[in-house]
Amino acid sequence: MATLHSSSRRRTVAALATAGALSLAVGCSGSDESATGGGKKDGKVVITMGMYGVMGFKETGLLEQYEKENPNVDIKAEIAGDEQTYYTALQTRLAGGKGLKDIQGIEIGRAKEIVDTQADKFADFADVPGTDHFLPWKQSQITTEDGKVLGLGTDIGPMAVCYRKDYFEQAGLPTDREEVAKLWEGDWKKYVEVGRTFKKDFKGGDVAYMDAASGLFNAMVYGYPEQYYNAEGDLIYDKNPAVKEAWNLAADAAEAGLTAKLRQFQPGWDPGLANGTFATAVCPAWMLGHIGEKAGEANKGKWDVAKAPKGANWGGSFLGVVEQSPVKEEAKKLVAWLTAPEQQAHIFKKQGSVPSSQQALESPEVKQVTSEYFDNAPIGEIFGAAAQEIPDKQVLGRKDGTIKDTFSQGLTLIEQQGTARDEAWETTAERIEKAVG
Amino acid sequence: MPAVATSTTHARRRGALLHRIDVKGAPYAFVAPFFVVFAAFSFYPLVYTSWISLHRVELATLDVMEWVAFDNYVELWNDSRFWNALGNTITIGVISTVPQLLMALGLAHLLNYRMRGSLFFRVASLVPYATSVGAAALVFTMLFERDFGMINWALGAVGLDPVDWEADKWPAQIAISTIVIWRWTGYNALLYLAAMQAIPADRYEAAAIDGASRWKQFTHVTVPGIRSTIVFTIVLSTIGATQLFGEPLIFGQGPNGVSGGADNQYQTLGLLLYEEGWKNYQMGRSATVAWAMFLLLVLVFVAQRLIRRLRSARTS
Chain A
14 MATLHSSSRR
24 RTVAALATAG
34 ALSLAVGCSG
44 SDESATGGGK
54 KDGKVVITMG
64 MYGVMGFKET
74 GLLEQYEKEN
84 PNVDIKAEIA
94 GDEQTYYTAL
104 QTRLAGGKGL
114 KDIQGIEIGR
124 AKEIVDTQAD
134 KFADFADVPG
144 TDHFLPWKQS
154 QITTEDGKVL
164 GLGTDIGPMA
174 VCYRKDYFEQ
184 AGLPTDREEV
194 AKLWEGDWKK
204 YVEVGRTFKK
214 DFKGGDVAYM
224 DAASGLFNAM
234 VYGYPEQYYN
244 AEGDLIYDKN
254 PAVKEAWNLA
264 ADAAEAGLTA
274 KLRQFQPGWD
284 PGLANGTFAT
294 AVCPAWMLGH
304 IGEKAGEANK
314 GKWDVAKAPK
324 GANWGGSFLG
334 VVEQSPVKEE
344 AKKLVAWLTA
354 PEQQAHIFKK
364 QGSVPSSQQA
374 LESPEVKQVT
384 SEYFDNAPIG
394 EIFGAAAQEI
404 PDKQVLGRKD
414 GTIKDTFSQG
424 LTLIEQQGTA
434 RDEAWETTAE
444 RIEKAVG
Chain B
8 MPAVATSTTH
18 ARRRGALLHR
28 IDVKGAPYAF
38 VAPFFVVFAA
48 FSFYPLVYTS
58 WISLHRVELA
68 TLDVMEWVAF
78 DNYVELWNDS
88 RFWNALGNTI
98 TIGVISTVPQ
108 LLMALGLAHL
118 LNYRMRGSLF
128 FRVASLVPYA
138 TSVGAAALVF
148 TMLFERDFGM
158 INWALGAVGL
168 DPVDWEADKW
178 PAQIAISTIV
188 IWRWTGYNAL
198 LYLAAMQAIP
208 ADRYEAAAID
218 GASRWKQFTH
228 VTVPGIRSTI
238 VFTIVLSTIG
248 ATQLFGEPLI
258 FGQGPNGVSG
268 GADNQYQTLG
278 LLLYEEGWKN
288 YQMGRSATVA
298 WAMFLLLVLV
308 FVAQRLIRRL
318 RSARTS
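Dropping the structure here:
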């Protein structure tokens, strides 16, 4: 039986919880934890933003531009490096109702949980004019059943395969991006087959074919409309053939020693990029910026981008405005501007995050974009086409993010510990049970 | 003048009362702030944590609590992760505490010699303690990195195979212990040093006259002389080891840090608590782990007391 408790008690618990989480929440220092958002100060509207990773608004100068165009607005953006840390802090603050920013970033893996459990804490965008340019499936992910829109989409994650041309050449494989794409056209199995050839023929030293089995797993799973949950919200990961198929192929790759046994975005991965310890990585569009930055000038032009075997969507984010914000209307205006087609196109050109705006995707200026770092690959064309291949329906689940992490760890067991795949699956299932139960 | 007399006796009486309140009551007033703060920030959370641990409650919806009585405890008892975390906490605790205290003892002994620049060395031994856990753990994580870490590089230089410090159980636990040892050895050494300096010099002189070597002096004069300090550091280290959290969390980084490695190979009780609360968002289960940790500490100290009492009963 569920009982409701008074809000003051709730607040005390939340305060305790926050204290616990804050000890870990790096990158949130210096902010006033007692209040929500900005406010009006000296005739200026102060809007605070909480973001993670490289979302591109600050990095590409959009925030500055907005301030210049709206001299009465002062934007204070705080960016956490790691999304997991960011989301934990966001959860505790939402629970406590304190320390929130006016605008909060929401990662796709968390969208469903927010829609299901915290819809009342976010402002509605349904009535904001000029926000009808998004991909329908993107917009639907952040819309509640009764039609409340909790945020606006930033980028999406169509995928390609990033590969090292010099290594491919040494392994006797084609290097031209069109021909490379042909090698594995239509089937991820072929991508693994190419890996076996690579392992056999590459004589240039200790280089693995791909970075991590989890990358391949994610790419495959995200190619299906239903992943870990079905549309009714039931957990189906253990019955979904798509998940099992992805698991088995990723396990094949791990057992065949095709991976560098790294964990994506964890220590070891970045130096792996810089030192070239692997030849390919399944790369959602937003990963290009990371690869370029970490692999560095020395590897410029060695990397290239080829079309992935199948379309899928990995990642992407939203910007929401919290209901309590004292400057709600101004914040909503800012979000609408930041996610408008022109701004999304700008971010794509500057750092490669693919627009979630249908209108931006179709604009010629997006289609023409090339990446200098990846040997002038026509990323506008490649990712634009990949975006069209994303299944029209994308069913999200409440604990998608957590389940994804758990599967990555399960694959790590096979890769690093040499655990048998069935046993690793058992362990993963047990952990998911714990995490969602 | 009776009226005046009564008023003075009244005043005197009132004075006596005030005096009594002052004498008897003031100490309570002086210690009160601590107990008020203790009640608000230690006792209340403790009680409330136990209340939460009897419920099923999620972080996102703290206002919805479902009464489950002792289900969380039963579940924890049957959970292999709990026993795994308990085992790891003990093994990491032992391989970090024992070498740490032995090294601290040796270091204190050396610092106790008359030597040039002793102040510098004493301050230097405290520097790791002053470093934040986060900074220290991050640096060590880089040193222990599999592909490009300095330690594997050094192993390679002498012809040894690289070790996967994070993925394998014992290497990971040893690496984490190294961080703990590095941080706390100097601190314990200074505690020992302070105690050693309180040992009267004539005991050493007497021992020297009896022909005791430096080593004999150390084992027969120094160590017995600082026994109570040693017990104190053991108690402190035990509490510290039970709560071990920051080092393994940062050592693993990201999702692996939270779960103490892909195979939970270095998940401590502190990490399990965090995983339940801030990854699975199950506050009830998280609170249960917290209470289990607390009960464990109580158990350890009761056992220690009992052993001590048995021993003193036997010797007397």
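In order, the protein sequence lines correspond to chains A and B. Start counting the first sequence at 14; every next residue gets the next number (my numbering). Start counting the second sequence at 8; every next residue gets the next number (my numbering). All residues carry an ideal CB built from backbone N, CA and C; glycine is no exception.
Thinking C-beta only, is residue 68 of chain A closer than 8 Å to residue 115 of chain A?
In the first sequence, counting from the first residue as 1, residue 115 of chain A sits at position 102. In the first sequence, counting from the first residue as 1, residue 68 of chain A sits at position 55. With contacts defined by Cβ atoms closer than 8 Å, residue 115 of chain A and residue 68 of chain A do not form a contacting pair.
Going by alpha carbons, who is nearest to residue 122 of chain A out of A:132, A:154, A:135?
Along the first sequence, read from residue 1 onward, the residue named residue 122 of chain A stands at position 109. Of the candidates A:132, A:154, A:135, A:154 places its Cα closest to the Cα of residue 122 of chain A.
Per-residue contacts from residue 155 of chain B into chain A (C-beta, under 8 Å):
Start at 1 with the first residue of the second sequence, and residue 155 of chain B comes out as number 148. From the beta-carbon of residue 155 of chain B, the residues of chain A found nearer than 8 Å are 281, 284, 288.
Chain A contact for residue 160 of chain B (CB, 8 Å cutoff):
For the purposes of this step, residue 160 of chain B is taken as the residue at position 153 of the second sequence. It does not; no Cβ of chain A falls within 8 Å.
For the pair the stretch 294-312 of chain B and the stretch 17-36 of chain B, tell me if three or more CB-CB distances fall below 8 Å.
Judged by Cβ distances under 8 Å, the stretch 294-312 of chain B makes no contact with the stretch 17-36 of chain B, as fewer than three pairs qualify.
Three or more C-beta pairs below 8 Å linking the stretch 291-305 of chain A and the stretch 362-370 of chain A:
The stretch 291-305 of chain A and the stretch 362-370 of chain A touch, with no fewer than 3 CB-CB distances between them shorter than 8 Å.
Where in the stretch 83-151 of chain A do unbroken runs of the alpha helix (DSSP H), each at least 4 residues long, occur, reported from the N-terminal end onward?
For secondary structure counted as the alpha helix (DSSP H) over 4 or more consecutive residues, the stretch 83-151 of chain A holds these complete runs in sequence order: 96-109, 121-130.
Examine chain A for any beta-carbon lying closer than 8 Å to the beta-carbon of residue 92 of chain B, and answer yes or no.
As a first step, residue 92 of chain B must be located in the second sequence, where it is residue number 85. By this cut-off, residue 92 of chain B is not an interface position.
Can residue 449 of chain A and residue 406 of chain A be called in contact, C-beta distance under 8 Å?
On the first sequence, position 436 is the one that residue 449 of chain A refers to. On the first sequence, position 393 is the one that residue 406 of chain A refers to. No; because the gap between Cβ atoms is not below 8 Å, this pair is not in contact.
Cβ shell of residue 134 of chain A (< 7 Å), same chain only, five flanking positions each side left out
Locating residue 134 of chain A in the first sequence gives position 121, counting from the first residue. Counting only Cβ-Cβ distances below 7 Å, and skipping sequence neighbours, we find 107, 335, 336.
In chain A, what lies closer than 8 Å to residue 169 of chain B by C-beta?
Position 162 of the second sequence, counted from the first residue, corresponds to residue 169 of chain B. Listed along chain A, no residue sits closer than 8 Å to residue 169 of chain B by beta-carbon distance, the nearest being about 11 Å off.
Consult DSSP for residue 331 of chain A and reduce its assignment to one of helix, strand or coil.
Here residue 331 of chain A refers to the residue found at position 318 when the first sequence is read from its first residue. Under the three-state reduction of DSSP output, residue 331 of chain A falls in the strand class.
Would you call residue 183 of chain B buried or exposed, if buried means 16 or more other Cβ atoms sit within 10 Å of its Cβ?
Stepping through the second sequence from its first residue, residue 183 of chain B is reached at position 176. Result: buried.
Note down the Cα distance separating residue 234 of chain B from residue 49 of chain A, rounded to an integer number of angstroms.
Here residue 234 of chain B refers to the residue found at position 227 when the second sequence is read from its first residue. Here residue 49 of chain A refers to the residue found at position 36 when the first sequence is read from its first residue. Residue 234 of chain B and residue 49 of chain A: Cα-Cα distance of roughly 53 Å.
With a cut-off of 8 Å, do at least 3 Cβ pairs link the stretch 248-258 of chain A to the stretch 209-227 of chain A?
Taking 8 Å as the limit for Cβ pairs, the verdict is that the stretch 209-227 of chain A does not touch the stretch 248-258 of chain A.
Just checking: is the beta-carbon of residue 438 of chain A within a distance shorter than 8 Å of some beta-carbon in chain B?
As a first step, residue 438 of chain A must be located in the first sequence, where it is residue number 425. It does not; no Cβ of chain B falls within 8 Å.
Does the beta carbon of residue 270 of chain B sit closer than 8 Å to a beta carbon anywhere in chain A?
Walking along the second sequence from the start, residue 270 of chain B turns up at place 263. For residue 270 of chain B, the answer is yes, since a Cβ of chain A falls inside 8 Å of its Cβ.
Residue-chain proximity (residue 215 of chain A, chain B), Cβ-Cβ < 8 Å
Looking up residue 215 of chain A in the first sequence gives position 202. No - not a single Cβ of chain B is within 8 Å of the one on residue 215 of chain A.
Using the three-state DSSP reduction, which class does residue 337 of chain A fall into: helix, strand or coil?
Within the first sequence, the letter at position 324 stands for residue 337 of chain A. Coil at residue 337 of chain A, not helix or strand.
Please report the distance separating the alpha-carbon of residue 325 of chain A from that of residue 207 of chain A.
The residue given as residue 325 of chain A occupies position 312 in the first sequence. The residue given as residue 207 of chain A occupies position 194 in the first sequence. Rounded to the nearest angstrom, the two C-alpha atoms are 20 Å apart.
Quick one: residues in its chain with C-beta nearer than 7 Å to the C-beta of residue 36 of chain A, no 5 flanking neighbours on either side, listed in chain order?
Working through the first sequence from its first residue, we reach residue 36 of chain A at position 23. Any answer about residue 36 of chain A is weak, because its pLDDT of 41 lies below 50 and its placement is not dependable; what the coordinates show is given next. None.
Figure out for me which residue from B:127, B:133, B:265 has the closest Cα to the Cα of residue 284 of chain B.
Counted from its first residue, the second sequence places residue 284 of chain B at position 277. Here the closest residue by C-alpha is B:265.
Contacts that residue 224 of chain A makes with chain B (C-beta to C-beta distance below 8 Å)
Locating residue 224 of chain A in the first sequence gives position 211, where the first residue counts as 1. For residue 224 of chain A, there are no neighbours in chain B by C-beta distance under 8 Å, as the nearest C-beta there is about 12 Å away.
Return the first residue and the last residue of the alpha helix (DSSP H) that residue 254 of chain A is part of.
Here residue 254 of chain A refers to the residue found at position 241 when the first sequence is read from its first residue. Taken as a continuous stretch (DSSP letters only), the alpha helix (DSSP H) holding residue 254 of chain A covers 254-268.
Assuming residue 63 of chain A is part of the beta strand (DSSP E), what are its boundary residues?
Position 50 of the first sequence, counted from the start, is the residue given in the question as residue 63 of chain A. Looking at the DSSP string, the run of the beta strand (DSSP E) that includes residue 63 of chain A is 57-65.
Please return the same chain residues whose Cβ sits closer than 6 Å to the Cβ of residue 164 of chain A, not counting the five positions on each side in sequence.
On the first sequence, position 151 is the one that residue 164 of chain A refers to. Excluding positions up to five away in sequence, the list reads 119, 155, 331, 332, 333.
Per DSSP, what kind of secondary structure is residue 195 of chain A in: helix, strand or coil?
If you number the first sequence from 1, residue 195 of chain A lands on position 182. Residue state, collapsed to three classes: helix.
Tell me the start and end of each unbroken beta strand (DSSP E) in the stretch 126-163 of chain B that is at least 3 residues and wholly inside, in chain order.
Restricted to the stretch 126-163 of chain B, not a single beta strand (DSSP E) segment is unbroken, complete and at least 3 residues in length.
Is residue 322 of chain B buried or exposed, if buried means 16 or more other CB atoms sit within 10 Å of its CB?
In the second sequence, residue 322 of chain B corresponds to position 315, counting from 1. When all chains shown are included, residue 322 of chain B counts as exposed.
Take residue 76 of chain B and list the residues in its own chain whose beta-carbon comes closer than 8 Å to its own, dropping the five residues that flank it on each side.
Locating residue 76 of chain B in the second sequence gives position 69, where the first residue counts as 1. Excluding sequence positions up to five before and after residue 76 of chain B, its CB lies within less than 8 Å of the CB of 61, all in the same chain and listed in chain order.
Every unbroken alpha helix (DSSP H) inside the stretch 169-217 of chain A [4 residues or more]
Listed in chain order, they are 178-183, 190-196, 201-214.
Cβ separation of residue 376 of chain A and residue 354 of chain A, assumed to be a contact under 8 Å, to the nearest whole Å
Counted from its first residue, the first sequence places residue 376 of chain A at position 363. Counted from its first residue, the first sequence places residue 354 of chain A at position 341. Contact between residue 376 of chain A and residue 354 of chain A holds: their C-beta atoms lie close to 7 Å from each other, under 8 Å.
Short check: CB of residue 88 of chain B to CB of residue 271 of chain B, under 8 Å?
Here the question's residue 88 of chain B lines up with position 81 in the second sequence. Here the question's residue 271 of chain B lines up with position 264 in the second sequence. Yes, these two residues count as a Cβ contact at 8 Å.
Cβ contact (3+ pairs, closer than 8 Å) linking the stretch 221-233 of chain B and the stretch 185-196 of chain B
No contact exists between the stretch 221-233 of chain B and the stretch 185-196 of chain B.
By alpha-carbon positions, which one of B:81, B:48, B:55, B:206 ends up nearest to residue 290 of chain B?
For the purposes of this step, residue 290 of chain B is taken as residue 283 along the second sequence, with counting starting at 1. It is B:55.
Residue 424 of chain A classed as buried or exposed, judged by whether at least 16 other C-beta atoms fall within 10 angstroms
Looking up residue 424 of chain A in the first sequence gives position 411. Sixteen is the threshold: when 16 or more other Cβ atoms of the shown chains lie within 10 Å of the Cβ of residue 424 of chain A, as they do, the residue is buried.
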